[in-house]
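Everything below concerns the one structure shown next.
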Amino acid sequence: MDRTWNRGLCWRCEDDGVPVLWLGPVQSAEAGDAPFFCCAPCVRRLEALVSAYNRRGDVVDENPVTSMLARTYGA
Ligand SMILES: [Zn+2]
Numbered sequence: 001m002d003r004t005w006n007r008g009l010c011w012r013c014e015d016d017g018v019p020v021l022w023l024g025p026v027q028s029a030e031a032g033d034a035p036f037f038c039c040a041p042c043v044r045r046l047e048a049l050v051s052a053y054n055r056r057g058d059v060v061d062e063n064p065v066t067s068m069l070a071r072t073y074g075a
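In terms of full-length UniProt numbering, the sequence shown opens at residue 1 and continues consecutively.
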């Protein structure tokens, strides 16, 4: 993964002109794909969510959306 920080818009908190990191593509059913950039505080929050998601390995679900929701919210 490219870990280069560039100045721009955070797509999570919408802070602009801040160092942002490309985290991957966003896929929209209606508008196509776009690059997903986040600022440092948002990257830290997402890293915590990813870490929590991966610690909860007891949820077995083949559907990535419902699996993510179950892991994130215990649904
Ligand atoms: Zn942000």
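Glycine included, C-beta positions come from ideal geometry on N, C-alpha and C. From a predicted model like this one, the values you see are computed outputs, not experimental measurements.
Using three-state DSSP, classify residue i as helix, strand or coil.
i, result
"residue 44", "helix"
"residue 29", "coil"
"residue 55", "helix"
So, is residue i buried or exposed, given that buried needs 16 or more other C-beta atoms within 10 angstroms?
i, result
"residue 13", "exposed"
"residue 49", "exposed"
"residue 20", "buried"
Thinking C-beta only, is residue j closer than 9 angstroms to residue i?
i, j, result
"residue 46", "residue 37", "no"
"residue 25", "residue 31", "no"
Sort out for me which residues DSSP pairs residue i with in a bridge.
i, result
"residue 7", "19"
"residue 24", "36"
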